[in-house]
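Read the structure below first, then the notes.
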Amino acid sequence: MSGSGRRKARRVRRFGGVDDLAEARWRAVEARDGRLARVFVYAVRSTGVYCRPGCGARRPLRRNVEFFATPADAVGAGYRACRRCCPERDQIGDPAVASVVAVCRWLEHPDPDRDLAAFAAGLGWSERHLRRRFSEVVGVPVGSYLRAQQADRVRAALRAGMPVADAAYEAGYGSSRAFYDHGARRLGMTPARYRSGGAGERIGYTSTVTPIGVVVAASTARGVCAVRVGSSEAALVAEVAAEFPGALVERDDGGLADIALVLAGAVRGGEDATLLPVDLRGTAFQVRVWEALRAIPGGQTRSYSEVAAGIGSPAAVRAVAGACAANPAALVVPCHRVVRQDGSLGGYRWGIVTKQALLGAEAASRTP
Ligand SMILES: [Zn+2]
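Under this note's numbering, the first residue of the sequence shown is numbered 131, with each subsequent residue one higher.
Next up, the structure:
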């Protein structure tokens, strides 16, 4: 390996998704982009007030901001209208923007048989023109907007206690498959992604009691950054906090309810935690191993040498075992699915009994 290659390999990398729509909206708030008034509103948790983008009020902290499609949604969540920008009043000057707002409202209703070309024709536009205008005004393409809306509906349904399959259907995915392909990867994302001058990052955590013990899950706004299994919640939380000394680690049971639900289901073999979005930090090699582990289907196992061969480093069996042992996120990175070549279980960061229980549950849930 060359010198620069070695430096590259040691560099800590992140992988995970980005919540495009929330990002685009935040940029508009930061820029006080008044053209986006009525396209969405933003609410500030610390003041209980919601504003339209472009409001001249003091810029809120990103972590306190929540976005809503309409003033009615913000009011429904308990916010009151700002007296300065009067976001509840209709005030669209530009008719082209008004048309884009109409497209937004239409996209917010679940409908698997949506006909964008027909809707565009109703506005006197071609579909292509509609898509271009939409991206210009809203900041993300129609498809991203649609997926973000669906993910919001799934989140709301899951919090209300609806089973995942029903929640996916209600949100307009048409099938659980479509939901897992497009929606589930967004599950762990909250609009709370922010960077405070590059200094602090907010990490929320929650816990759930399962047959294998207490499971503590922590997530940045991008995705799950840690999942630990043990007997003491306090000890696990302290461990996570010690790993992110620069971050603000705080309990967020509400924001992480969907993650807790999926993890509890995964312990029982019924849910696939590898579908959760992740925000993991590791060396380039570790990240490659963890990505490979996330591709092992539930109910199956691979040997350490199979994983090593799979990532194109057949000689790196010991290093693969090391990356498994360093896995920061149990279940989400299913290192329990890696066993010794002779079929014996090998090691597990959270104990061999736990590994055995997880593999047993996954096998049982797939036996007809
Ligand atoms: Zn305002």
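Heads up, the beta-carbon is just placed ideally off N, CA and C, and yes, glycines get one too.
{"Item": "Q471 burial status per 10 Å Cβ neighbour count (16 or more: buried)", "Value": "exposed"}
{"Item": "C-beta contact flag for N378 and V344 at 8 Å", "Value": "The question names Asn, but residue 378 in the sequence shown is Leu. Against a cut-off of 8 Å, the Cβ pair of V344 and L378 comes out as no contact."}
{"Item": "Supposed contact pair G334 and E380 - C-beta distance, whole angstroms, cut 8 Å", "Value": "6 Å"}
{"Item": "Cβ-heavy atom distance, A372 to ligand 1, below 7 Å", "Value": "no"}
{"Item": "Any non-hydrogen atom of ligand 1 within 7 Å of R263 CB", "Value": "no"}
{"Item": "Neighbourhood of W236 by C-beta distance below 7 Å, restricted to the same chain and skipping five residues each side", "Value": "F249"}
{"Item": "Stretch pair the segment 461–468 + the segment 417–431: three plus CB contacts closer than 8 Å", "Value": "yes"}
{"Item": "For S274, the three-state DSSP class (helix, strand or coil)", "Value": "helix"}
{"Item": "Limits of the unbroken alpha helix (DSSP H) element including G252", "Value": "L246 to G252"}
{"Item": "Reduced DSSP category for L410 - H, G, I as helix; E, B as strand; rest coil", "Value": "strand"}
{"Item": "Integer-rounded CB distance, given that V359 should sit under 8 Å from A451", "Value": "No, A451 and V359 are not in contact; Cβ-Cβ is about 19 Å, not under 8 Å."}
{"Item": "C465: CB within 7 Å of a non-hydrogen atom of ligand 1", "Value": "no"}
{"Item": "Through-space distance from C234 to S176, alpha-carbon basis", "Value": "27 Å"}
{"Item": "First and last residue of the uninterrupted alpha helix (DSSP H) at R263", "Value": "E257 to V268"}
{"Item": "Exposed unless 16 or more other CB atoms sit within 10 angstroms - verdict on P201", "Value": "buried"}
{"Item": "Stretch-stretch touch, CB-based, cutoff 8 Å, three pairs: the segment 184–195 with the segment 204–220", "Value": "yes"}
{"Item": "Continuous beta strand (DSSP E) stretch holding R235: start and end", "Value": "That residue, R235, is in no beta strand (DSSP E); its alpha helix (DSSP H) goes P225 to L237."}
{"Item": "Backbone secondary structure at Y209 - three-state DSSP", "Value": "coil"}
{"Item": "Proximal residues to A329 (C-beta, below 8 Å), its chain only, five neighbours per side dropped", "Value": "For A329, the predicted structure reports a pLDDT of 35, less than 50, and the residue's modelled location is therefore unreliable. A value from the coordinates is still provided. Excluding positions up to five away in sequence, the list reads G376."}
{"Item": "Beta bridge counterpart(s) of S433 as assigned by DSSP", "Value": "V469"}
{"Item": "Identity of the residue in D241, Y209 and R210 nearest R283 by Cα", "Value": "D241"}
{"Item": "Distance CB(V231)-CB(R168) smaller than 8 Å", "Value": "yes"}
{"Item": "CB contact flag (A403, L393, <8 Å)", "Value": "yes"}
{"Item": "Three or more C-beta pairs below 8 Å linking the segment 474–488 and the segment 436–445", "Value": "no"}
{"Item": "Distance between H239 and S229 (C-alpha atoms, nearest Å)", "Value": "16 Å"}
{"Item": "Pairwise C-alpha distance: V408 and G442", "Value": "23 Å"}
{"Item": "Coarse secondary structure for S495, derived from DSSP in three states", "Value": "helix"}
{"Item": "Cut-off 6 Å between Cβ atoms - residues of its own chain near S495, not counting five sequence neighbours on either side", "Value": "G399 and G400"}
{"Item": "Contact check, W420 vs V354, beta carbons under 8 Å", "Value": "no"}
{"Item": "Helix, strand or coil at A356 according to DSSP, with G and I counted as helix", "Value": "strand"}
{"Item": "Sequence-distant residues of the same chain with beta carbon closer than 7 Å to A199, five excluded per side", "Value": "F170, C234 and E238"}
{"Item": "Beta strand (DSSP E) segment containing I333, residue limits", "Value": "R332 to T340"}
{"Item": "Check: R214 C-beta below 7 Å from any heavy atom of ligand 1", "Value": "yes"}
{"Item": "Ligand 1 heavy atom lying under 7 Å from the CB of A453", "Value": "no"}
{"Item": "Residues near E363 in its chain [Cβ-Cβ closer than 7 Å; skip 5 each side]", "Value": "S337, V344 and V346"}
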